[in-house]
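Which chain is which? The protein sequence lines are W and Y, in order.
The working numbering applies: residue 12 is where the first sequence begins, and numbers increase by one.
The working numbering applies: residue 2 is where the second sequence begins, and numbers increase by one.
I have placed the structure first, in the form of structure tokens, so that the comments after it can refer back to it.
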Amino acid sequence: MSIGRWTEVGRMDELARRDSPMHRLDARAKALTTIVFIVVVMSFPRYDIAALMPFFLYPFVLVAVGDLPVGFLFRRILVAAPFAILIGIFNPLLDRTPRLFLGEYAITGGWVSFASILLRFFLTVSAALALIACTGMHRLCAGLERMGLPRVFAAQLLFLYRYLFVVAHEGSRMVRGFELRSYGAGAPRLRVYSSLLGHLLLRSMDRGQGVHRAMLARGFDGEIRVLRGESARPVDFVFFVGWTAFFVAARVWNLADLLGRVVLPGG
Amino acid sequence: MHMADALVSPAVGGTVWAATAGLIAYSAREVKRSSDDRLAPMMGVLGAFVFAAQMINFSIPLTGSSGHLGGGLLLAILLGPHAAFLTIASVLVVQALFFADGGILALGCNIFNMGFFPAFIVYPLLYRPLAGDSRIASRLWPVSILSAVVALLLGASGVVLETTLSGVSELPFRTFILLMLPIHLAIGIVEGLATAAVVGFVARARPEAVNASPRVSGARGDLRPVLIGLLAAAVVVGAAVSWFASTHPDGLEWSIAKVSGSEEVAGASVGVHERLAQVQETTAFLPDYGFKSNETEAALEESSASESEAWPAVDAGTSVSGLIGGTIAFLLAGIVGFGLKRRRVAAVR
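Encoded structure:
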């Protein structure tokens, strides 16, 4: 993990503050639809590729209507890809039964399922990133809290999100200070590390106490309140029901195969 | 060891999510009941600290490489099990949403693997009894390393079990676990070193900071969270055994069974994954399209004969139609997205 990642969290926050029809939708509708989307995508048998293709519609529409930067999201997906590739790459090595014939070329089941894993990875990650980029942490937490997320946990997510930037900046300043004083030495030794990180921890804890005092000064009584702004409109309902119907249809009928047969004369 | 959505089946992801949700609700209630109102801001700030700590590396003694803190055990030591579990969970939520480290369906698994084991198993049952209340430096290091290693190995076993049960990856259980355990042994040692370094420093610099950590009920041997966790594990393992026994004897037999249709019958009790697959099998115009291997020729003909529309059972044809249809679907999705984006840009102007 590098410090550069922090600017990208900031970028997400910035995107979430934009305004678009997708941003204006209720957080609950978007969160529920995305969860249904991921579950349906992952419910396909392992050798499906073509049947997954219609599902690209959902992230593409989120990105387009939400007016999100394609390149930025794509880079974020690539950064996260190594784990899925690492586990998936064993499939071509272990599963060598031929499954797919293109003319005279045979493709083994392993490669088919590996391709399927990559597609699913792209679909699920792009949908999740698009969700947060056009909803934002505050609205998402408030929405989840109204759907039954324990309030203590919703508050914890918001606290964490609020202090993420503050503590991360403090940490990166300390690292910069260390690097300036130890040019070319590489990572600190354990002894130095313990005092570096220990100080960061003490400062964080002090900050926690300071925050607590500030909360008390503003009348905190031990009960955490999360602002509830939104009320669901008919359009939110339509969004959820419409997409769910599409996902179910695409799950039950192989839309891509139907399309292919319509296009190819005589199958 | 963040698992991605692409490797988790809905049945496994959903089961573990249910256990995790139960643990979150339980921990939230306990934290609320402890009525220590300093805890809320402290949990938030320490979660942020764990994030920051993960970008600071240290050089691992004797190896020449570098590592960083994971934070699960440290949070348990500073906050007690319940608050630590919520804090770890919140860190993982933010990682999943903003960095795509682990997915949303897999989030339940990730919170379970990286939160349940250090907070509810290792800290109360291993670290506390061994380290005691006196923070003697000579004891702190070995106990921290041992605890971190055990937590990491348990978590890695969870990853292996959940991945294998999901059945998306082909990796056999044995190979995968033999691959994961040594790696996580090493990561656990690094984690233990980093944890001991930080706890040792804070204990020396400001002893009351470690002392001030609330003594929550988990330390008194409260077995409820352990039971919830073990129950979830039992459900997962039970599902696994029945699934492996009935439907996944081995690759080739499994694929034959799939085509001939006997597997669908046996798999009916397994869950969403199989059931949805079954719905698709029965409603699809061409079940198992593009699926061909020499030994399944007869079975394929049989299945295609049952269709009303007599599509030629030449497999190359169906797989080509699937591929072309897939490409068209992808392009259509792209065109819709692009069109919407254009319209939006025009509207803004």
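Where is the CB? At the ideal position from N, CA and C, for every residue including glycine.
Here the structure is a predicted model, which means the values were calculated and not measured.
Check this for me: beta carbons of Y:Leu-87 and Y:Ser-28, under 8 Å apart or not?
Taking the first residue of the second sequence as position 1, residue 87 of chain Y is located at position 86. Taking the first residue of the second sequence as position 1, residue 28 of chain Y is located at position 27. Yes, they are a contact pair.
Give every residue of the same chain whose Cβ lies closer than 6 Å to the Cβ of W:Leu-151, excluding the five residues on either side of it in the sequence, and list them in chain order.
Here residue 151 of chain W is taken as the residue at index 140 of the first sequence, counted from 1. Cβ neighbours of W:Leu-151 beyond the five flanking positions: Ala-38.
Give me whichever residues DSSP pairs with W:Ile-118 in a beta bridge.
Position 107 of the first sequence, counted from the first residue, corresponds to residue 118 of chain W. Its beta-bridge partners are W:Leu-111.
Reference W:Cys-145; option with closest CA among W:Ala-196, W:Ala-27, W:Ala-261 and W:Ala-267
For the purposes of this step, residue 145 of chain W is taken as the residue at position 134 of the first sequence. Among W:Ala-196, W:Ala-27, W:Ala-261 and W:Ala-267, the Cα nearest to that of W:Cys-145 is on W:Ala-27.
Pull the bridge partners of Y:Gly-68 from the DSSP assignment, please.
Locating residue 68 of chain Y in the second sequence gives position 67, counting from the first residue. According to DSSP, which records beta bridges pairwise, Y:Gly-68 is partnered with Y:Phe-59.
Mark Y:Phe-59 as exposed unless 16 or more other C-beta atoms lie within 10 angstroms of its C-beta, in which case mark it buried.
Here residue 59 of chain Y is taken as the residue at index 58 of the second sequence, counted from 1. Y:Phe-59 should be labelled buried.
Would you say Y:Ser-145 reaches chain W, if we count a Cβ-Cβ gap shorter than 8 Å as a contact?
Indexing the second sequence from 1 puts residue 145 of chain Y at position 144. Y:Ser-145 does not count as touching chain W.
Give me the subset of the region 104-117 of chain Y whose CB atoms are less than 7 Å from a CB atom of chain W, sorted by chain position.
Gly-104, Ile-105 and Leu-106
In terms of residue numbering, what span does the alpha helix (DSSP H) encompassing Y:Glu-31 cover?
Numbered from its first residue, the second sequence carries residue 31 of chain Y at position 30. Note, Y:Glu-31: alpha helix (DSSP H), 11-34.
Measuring only between beta-carbons, confirm whether Y:Gly-193 sits less than 8 Å from chain W.
Here the question's residue 193 of chain Y lines up with position 192 in the second sequence. Not an interface residue.
If W:Gln-167 sits next to Y:Ser-145, beta carbons under 8 Å apart, how far is it from one beta carbon to the other, in whole angstroms?
Your numbering for residue 167 of chain W matches position 156 in the first sequence. Your numbering for residue 145 of chain Y matches position 144 in the second sequence. About 25 Å separates the two Cβ atoms, so there is no contact after all.
Excluding the 5 residues preceding and the 5 following W:Ala-243 in the sequence, name in chain order all residues of the same chain whose CB lies nearer than 8 Å to its CB.
The residue given as residue 243 of chain W occupies position 232 in the first sequence. Here the set comprises Asp-37, Arg-39 and Ala-40.
Determine, using beta carbons only, whether Y:Met-181 comes closer than 8 Å to chain W.
Walking along the second sequence from the start, residue 181 of chain Y turns up at place 180. Cβ-Cβ to chain W under 8 Å: no for Y:Met-181.
W:Phe-257 at chain Y interface by Cβ criterion, 8 Å
Taking the first sequence and counting its residues from 1, the one referred to as residue 257 of chain W is at position 246. Chain Y, which has no Cβ nearer than 8 Å to the Cβ of W:Phe-257, makes this no.
Best match in Y:Gly-45, Y:Pro-143 and Y:Lys-33 for proximity to Y:Ala-190 [C-alpha to C-alpha]:
Working through the second sequence from its first residue, we reach residue 190 of chain Y at position 189. This sequence places Ile at residue 190 of chain Y; Ala is not what is there. Closest by alpha carbon: Y:Pro-143.
Is the region 181-199 of chain W close to the region 175-190 of chain Y, with three or more CB pairs under 8 Å?
no
Quick one: give me the first and last residue of the alpha helix (DSSP H) that W:Met-53 is part of.
Taking the first residue of the first sequence as position 1, residue 53 of chain W is located at position 42. Residues 38-53.
Span of the alpha helix (DSSP H), counted from its first residue to its last, around W:Phe-101
Position 90 of the first sequence holds residue 101 of chain W. Here the alpha helix (DSSP H) through W:Phe-101 covers 101-105.
Does the separation of the CB atoms of Y:Leu-93 and Y:Met-115 fall below 8 Å?
Indexing the second sequence from 1 puts residue 93 of chain Y at position 92. Indexing the second sequence from 1 puts residue 115 of chain Y at position 114. It is a contact, given that the beta carbons lie within the stated cut-off.
Look at the alpha carbon of W:Ile-49 and the alpha carbon of Y:Arg-207, and state the distance between them as a whole number of angstroms.
Within the first sequence, residue 49 of chain W is the residue found at index 38, counting from 1. Within the second sequence, residue 207 of chain Y is the residue found at index 206, counting from 1. Answer to the nearest angstrom: the Cα atoms are 47 Å apart.
Please report the distance separating the alpha-carbon of Y:Val-51 from that of W:Phe-250.
Here residue 51 of chain Y corresponds to residue number 50 of the second sequence, with the count starting at 1. Here residue 250 of chain W corresponds to residue number 239 of the first sequence, with the count starting at 1. One C-alpha to the other measures close to 37 Å.
Tell me, please, whether the CB atom of W:Phe-164 is closer than 8 Å to any CB atom in chain Y?
By one-based count along the first sequence, residue 164 of chain W stands at place 153. Chain Y, which has a Cβ nearer than 8 Å to the Cβ of W:Phe-164, makes this yes.
Shorter than 8 Å from the beta carbon of Y:His-185 to some beta carbon of chain W?
The residue given as residue 185 of chain Y occupies position 184 in the second sequence. It does not: the Cβ of Y:His-185 has no partner Cβ on chain W nearer than 8 Å.
What's the gap between the Cα of W:Phe-164 and the Cα of W:Arg-200?
Numbered from 1 along the first sequence, position 153 holds the residue referred to as residue 164 of chain W. Numbered from 1 along the first sequence, position 189 holds the residue referred to as residue 200 of chain W. If I take the Cα positions, the gap works out to 36 Å.
What's the C-alpha gap between Y:Asp-38 and Y:Ala-84?
On the second sequence, residue 38 of chain Y is found 37 positions in, with the first residue counted as 1. On the second sequence, residue 84 of chain Y is found 83 positions in, with the first residue counted as 1. If I take the Cα positions, the gap works out to 12 Å.
Could you tell me which of W:Arg-57, W:Arg-87 and W:Leu-79 sits nearest to W:Arg-131, measuring between CA atoms?
The count along the first sequence starts at 1 and reaches residue 131 of chain W at position 120. Nearest C-alpha to W:Arg-131: W:Arg-57.
Output, in sequence order along the chain, the residues in the region 77-104 of chain W whose CB is closer than 7 Å to any CB in chain A.
This model lacks chain A altogether, as its protein chains are W and Y.
To the nearest whole angstrom, what separates the beta carbons of W:His-210 and Y:Pro-42, a pair I think is in contact under 8 Å?
Translated into the one-based positions of the first sequence, residue 210 of chain W becomes position 199. Translated into the one-based positions of the second sequence, residue 42 of chain Y becomes position 41. Contact doesn't hold; Cβ gap of about 19 Å is too wide.
Neighbourhood of Y:Ser-67 by C-beta, 7 Å cutoff - its chain only, sequence neighbours within 5 removed
Looking up residue 67 of chain Y in the second sequence gives position 66. Only Asn-58, Phe-59, Ser-60 and Ile-61 meet the Cβ criterion.
Distance, Cα to Cα, W:Val-63 vs W:Glu-181?
As a first step, residue 63 of chain W must be located in the first sequence, where it is residue number 52. As a first step, residue 181 of chain W must be located in the first sequence, where it is residue number 170. In the sequence on display, residue 63 of chain W carries Leu and not Val. Distance between the alpha carbons of W:Leu-63 and W:Glu-181 is about 44 Å.
At the level of alpha carbons, what is the spacing between Y:Pro-288 and W:Asp-59?
Mapped onto the second sequence, residue 288 of chain Y falls at position 287. Mapped onto the first sequence, residue 59 of chain W falls at position 48. Caution is warranted here: a pLDDT of 40 is assigned to Y:Pro-288, below 50, making its placement in the model unreliable, and no coordinate value can be reported.
Show which residues of chain W have a CB atom less than 9 Å away from the CB atom of Y:Thr-196.
Start at 1 with the first residue of the second sequence, and residue 196 of chain Y comes out as number 195. None at all; the shortest Cβ gap to chain W is about 10 Å.
For Y:Glu-254, which of helix, strand or coil comes out of DSSP?
Translated into the one-based positions of the second sequence, residue 254 of chain Y becomes position 253. Low local confidence applies: a pLDDT of 39 at Y:Glu-254 is under 50, so the model's placement there is unreliable, with the coordinate-based value given in what follows. Helix, per DSSP.
Inspect the beta-carbon positions of W:Tyr-172 and Y:Val-95 and report whether they are closer than 8 Å.
Taking the first residue of the first sequence as 1, we reach residue 172 of chain W at position 161. Taking the first residue of the second sequence as 1, we reach residue 95 of chain Y at position 94. Cβ distance < 8 Å, so W:Tyr-172 and Y:Val-95 count as in contact.
Determine the extent of the alpha helix (DSSP H) in which W:Phe-176 is found, giving its start and end residues.
Looking up residue 176 of chain W in the first sequence gives position 165. Here the alpha helix (DSSP H) through W:Phe-176 covers 162-192.
Would you check if there are 3 or more beta carbon pairs closer than 8 Å linking the region 259-271 of chain W to the region 322-337 of chain Y?
yes
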